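Numbered per the working numbering, the sequence shown finishes at 968, counting up by one with no gaps.
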Amino acid sequence: MSAILELFRSSGALYGGNAAFIEDLYERYLQDPESVDRAWRARFDAMRQAPANESAPATPGARPVPADIAHGPVRENFARLARESRSRARLRSTEHLEPAAAEKQSAVLRLINAYRFRGHQVADTDPIRLRERPRVQDLDPIYHNLSKDDLDQVFYTGSLCAPDRMKLRDIIALVQRIYCGPVGSEYMYITSTTEKRWVQKRLETYRAAPELETADRRWILFLLSAAEGIEKYLHQRYVGQKRFSLEGGETLIPLLDELIQRAGRKGQKEVVIGMAHRGRLNVLTNIFGKPPQAMFDEFEGRLPMEAHTMAGDVKYHLGFATDVDTPGGAVHLALGFNPSHLEIINPVIEGSVRARQRRRRDKTGDQVLPVLIHGDAAFAGQGVVMETLQLSQTRSYSTGGTVHIVINNQIGFTTSHPLDARSSPYCTDIAKLVQAPVFHVNGDDPEAVIFVTRMALDFRNEFHKDIVIDLICYRRLGHNEADEPAVTQPMMYAKIAARPTTRAVYAERLATAGIVTPEEAAAQVEDYRRSIEQGVVVARPVLCGLDNAYRVDWTRCQNEDWDQAVDTGVPVVKLRTLAAAMLTVPTGFDMHPRVAKVWEERQKMAAGEQLLNWGMAENLAYATLLDAGIPVRLSGQDCGRGTFVHRHAKIHDQSTGDAYTPLQHLGPHQGAFIAIDSILSEEAVLGFEYGFATAEPNALTLWEAQFGDFANGAQVVIDQFITSAGTKWGLACGLTMLLPHGLEGQGAEHSSARLERYLQLCAEHNIQVCVPTTPAQMYHLLRRQMVRDYRKPLIVMTPKSLLRHRLAVSALDELTTGHYQTVIAEIDAIDPAGVTRVIFCSGKVYYDVLEARRSRGLTNCALIRIEQLYPFPKEAFSAALALYPNAEEIIWCQEEAKNQGAWDQIKHRLYELLPADKQLQYAGRPASAAPAVGHRAAHVEQHEHLIDEALTGRFTPSMNQRISYP
């Protein structure tokens, strides 16, 4: 090794800060020898001819030392010498100096650090220079007691990646170039010294600029021509039609191209992108290779045949998938469908990525890369951004880091002003929450954009953390193409109108450098336009017919037979075997006394000595699916234990605090089980689980609300994805939502899961809404969700007090045969001929009415439970009603208010199925603005009243209106 190092010592090159600099040059040389200067390449070539053995002399004509052999020792010596030299330099910088000189040296180091901290504030990152850059005192040498007389003095540079000693004027010029040019870097708030030093070294070594060959620059110009070309073409061909153009932010296209190609080079196999509507058509055309003719058809209202089965959506909400070639092989690209709720796509993409990583056994995120493209005002203003960032480093939601790209138009909506859009200096400040580095970059400097793109991806892959590229640009047109932005933004749009396009600026830059001629640049534009007019693919060549074993495959889950009664029973021997494994804990495990009692009871249930309660049946459902190799993913704020302490899927050792999950230890070939006690978020977590479920048809994915009404915080996910994505976009999903529901006299909050909202959203067999009332029903329902060759979101109104109700129990035999019953007929021995009143109901109120009827000894009332409210079980309903030919009154009984619960959404279905001579009546609470009353006494009075109405048929006009149909 000494022979190698002598090559540098003899030239005087290796000293102080140069050691780190040379180390980086050497790493780049090993990756691509052409990427370093010719002189350095010659030195490195000579170094690789040198023997690895220190004592062995160099042999003329010897074969080069392989990179993987030469690289390690050289790098280690570079690093050691750099550390030693820096240490000596720090000592020399103040040692034997006069106090005044020592203070000057310290001032220089403070100035360098000030640029690292605050240089971004004066960086040249705004292409239209809309606002005057502030004066930052910290960046003024005078602030640090340095004067013009010091400019030609030589100072030590400390940790700056530069020669050890430089004149002050050269130091200032260097840090200004690095930190105040077209890239403004924010990273000094990161607490990890390793991460911070990595960014610092990358910025300072490369001088915040990429090394690009002539071909690279010509390719960037082509991509800018493409980005501009498609927008101009659409603007001329489809005048006035909305497309939410990318004009002003065209550099996004070379950014994405570089990101994808570099990701492929680094070995990544999938890139999953989420973005709102701004620039989507451009990305689809120029990055994903969507045929232009397909987009023209969308503009002109021509639909492919398969689209006629869906409601469809506007073209700038549509997703796409393709495969592209990269230096590292094929990369699968997926663009998520997104509604106009802007950032709501963020957690959905993260969930989809997590499922794809699980399928690939990609535990670190090295194979699947999530990319989120944001708007500036939305990134700062939408709460789901913060919630998704909070998920990024948690154990069960991390995807190995996300590359965030903010298309910063410097204007949220046409009429907004930054002073009204946020309270923070930058729209990206929310990212500091997770200590993600932020790189603000001038969108009119494509080469600077390429530099930060490379650095962002490399940082993400190195540390598996989020990173943000703030692409500062502008919006040449209004919010949409029919908008006139100058009405409310006259100063901004005067500047924009006077400014040449990004492509024109870069074409002139390359022409000045002699890289392209004006004629060549113009020819690129014309060639692209001709290709667009011909409707051919204009992106990088897409790869067709690839055999991808990891592709999402929903073909097995498209059998739309809702009425198919799938047998979901499991033999009793298997149930007892699974129960034994499920109830086994490690030797010496110190169980909490309450949990120990639960375990004791469950052992009796498994032996048939005690009826099953809800928790036991639910866990057995999971166990049987896991035993069949089906993974189960359960998440929610208290889901491991269960909000009402009924599940105990995860238990804790009272002596050590260690958690143990019995369902993970059923057998060597079982499916994976995870119970995630999530962060206190509904919107992001539910969006994540939805995304996971769309990308994983073969796993049972469940989200449990802590209380049913907590799902209100995720209403956008429910409205825009869970209940409508199948109809709008043809997306399949088997997500299960568990929503505790029931009026228990605890007040308005946490009583109702807002059943009425889900039923209102039901149409076209889009979801399932079920209200199981027994443990066996819950068992069969969960198993049906996976055993049936059909997947639709499942909404379950789960119980609270019924979890331990003495009547809400099931025998073990009920789990061995049968299926989920959409309607459960009368269970008491009542003579059907004597029944004059049939009471239909769902949920907990059934047990209240049942107990009241039994206590009163009534035999003329039959109780029938509707356990599936949608799709409504018409045949089962009619069959149950037909058992009572003498019934004159048909009553719907519910505990919810009249304008809530199921009544308003199913009464038309009930009426349609009733014989003409039957009357339909309502027994329940009166209409109310709140889900429940706040006083216990009022609750009890109302509850007793509605039970009395149901059993007697005597309705109080002041409480309820009788329903009569013509």
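Ideal placement from N, C-alpha and C gives every residue a C-beta, glycine not left out. In this text, all values refer to a predicted model and were calculated from it rather than measured experimentally.
Does the distance from the CB of residue i to the CB of residue j come in under 9 Å?
{"i": "GLU345", "j": "ALA278", "result": "yes"}
{"i": "PRO777", "j": "MET584", "result": "no"}
{"i": "LEU577", "j": "LEU628", "result": "no"}
{"i": "SER754", "j": "PRO933", "result": "yes"}
{"i": "PHE246", "j": "ARG280", "result": "yes"}
{"i": "GLN395", "j": "LYS467", "result": "yes"}
{"i": "VAL451", "j": "THR253", "result": "yes"}
{"i": "GLU486", "j": "TRP200", "result": "no"}
{"i": "PRO448", "j": "LEU205", "result": "no"}
{"i": "ALA952", "j": "ALA882", "result": "no"}
{"i": "ARG531", "j": "GLU260", "result": "no"}
{"i": "ILE192", "j": "ARG501", "result": "no"}
Please classify residue i: is it buried, with 16 or more other beta-carbons within 10 angstroms of its beta-carbon, or exposed?
{"i": "ASN284", "result": "buried"}
{"i": "HIS594", "result": "exposed"}
{"i": "ARG304", "result": "exposed"}
{"i": "LYS106", "result": "buried"}
{"i": "ASN348", "result": "buried"}
{"i": "HIS782", "result": "buried"}
Going straight from the alpha carbon of residue i to that of residue j, what length do you get?
{"i": "ILE413", "j": "SER637", "result": "37 Å"}
{"i": "ARG856", "j": "ALA609", "result": "31 Å"}
{"i": "GLU897", "j": "THR663", "result": "37 Å"}
{"i": "ARG649", "j": "GLY642", "result": "7 Å"}
{"i": "GLU603", "j": "GLN612", "result": "8 Å"}
{"i": "VAL273", "j": "GLY330", "result": "13 Å"}
{"i": "VAL942", "j": "GLY747", "result": "7 Å"}
{"i": "ARG911", "j": "PHE874", "result": "8 Å"}
{"i": "ARG964", "j": "PHE957", "result": "Any answer about ARG964 is weak, because its pLDDT of 39 lies below 50 and its placement is not dependable; what the coordinates show is given next. The straight-line gap from Cα to Cα measures roughly 7 Å."}
{"i": "LEU757", "j": "ALA810", "result": "21 Å"}
{"i": "GLN359", "j": "LYS730", "result": "27 Å"}
{"i": "ASP378", "j": "GLY121", "result": "21 Å"}
{"i": "ASP70", "j": "VAL454", "result": "The predicted position of ASP70 is uncertain, since its pLDDT is 44 and thus under 50; no value can be drawn from it."}
{"i": "VAL489", "j": "PHE415", "result": "13 Å"}
{"i": "MET799", "j": "GLY710", "result": "8 Å"}
{"i": "GLU766", "j": "ASP422", "result": "42 Å"}
{"i": "ILE676", "j": "PRO439", "result": "31 Å"}
{"i": "VAL657", "j": "GLY644", "result": "Looking at the sequence shown, residue 657 is not Val but Ser. Cα-Cα distance, rounded: 22 Å."}
Which of helix, strand or coil does DSSP assign to residue i?
{"i": "CYS559", "result": "helix"}
{"i": "MET388", "result": "helix"}
{"i": "MET3", "result": "Since pLDDT at MET3 reaches only 40, below the 50 mark, its modelled position is unreliable, and the value read off the structure follows with that caveat. The answer is coil: DSSP assigns MET3 none of H, G, I, E or B."}
{"i": "LYS606", "result": "helix"}
{"i": "PRO101", "result": "helix"}
{"i": "ARG927", "result": "strand"}
{"i": "ASP468", "result": "coil"}
{"i": "PHE957", "result": "coil"}
{"i": "PRO492", "result": "helix"}
{"i": "LEU885", "result": "coil"}
{"i": "LYS969", "result": "What the structure shows of the chain is the stretch from 3 to 968, and residue 969 is not part of that stretch, so it cannot be assessed."}
{"i": "VAL451", "result": "helix"}
{"i": "VAL201", "result": "helix"}
{"i": "ALA72", "result": "Its pLDDT being 46, under 50, ALA72 is placed unreliably in this model, and the value from its coordinates should be taken loosely. Of the three classes helix, strand and coil, the one that applies to ALA72 here is helix, per DSSP."}
{"i": "HIS667", "result": "coil"}
{"i": "ARG964", "result": "Reliability of the predicted coordinates at ARG964 is poor, the pLDDT of 39 falling under 50, and the value obtained from them is presented with this limitation in mind. If DSSP states are grouped into helix, strand and coil, ARG964 belongs with coil."}
Compare the Cα-Cα distances from residue i to each of the options and report the closest residue.
{"i": "LEU763", "options": "ILE866, GLY936, GLN369, ILE797", "result": "ILE797"}
{"i": "GLY353", "options": "ALA229, VAL718, LEU688", "result": "LEU688"}
{"i": "ILE262", "options": "GLU206, ASP325, GLY251, GLY242", "result": "ASP325"}
{"i": "LEU682", "options": "GLY715, ILE407, ALA210", "result": "GLY715"}
{"i": "GLN202", "options": "ILE469, SER187, THR193, PRO212", "result": "SER187"}
{"i": "GLY403", "options": "THR390, ASN410, PHE415", "result": "THR390"}
{"i": "ILE892", "options": "ILE866, GLY251, LYS150, GLN923", "result": "GLN923"}
{"i": "LYS802", "options": "TRP616, ALA925, HIS146", "result": "TRP616"}
{"i": "TYR849", "options": "VAL840, THR861, LEU512, LEU865", "result": "LEU865"}
{"i": "ARG806", "options": "ARG282, VAL647, GLU197", "result": "VAL647"}
{"i": "LYS169", "options": "LEU148, ILE180, PRO184", "result": "LEU148"}
{"i": "LYS599", "options": "ILE653, THR570, GLY631, PRO573", "result": "ILE653"}
Measuring only between beta-carbons, confirm whether residue i sits less than 9 Å from chain B.
{"i": "ILE351", "result": "In the structure shown, chain B does not exist; there is a single protein chain."}
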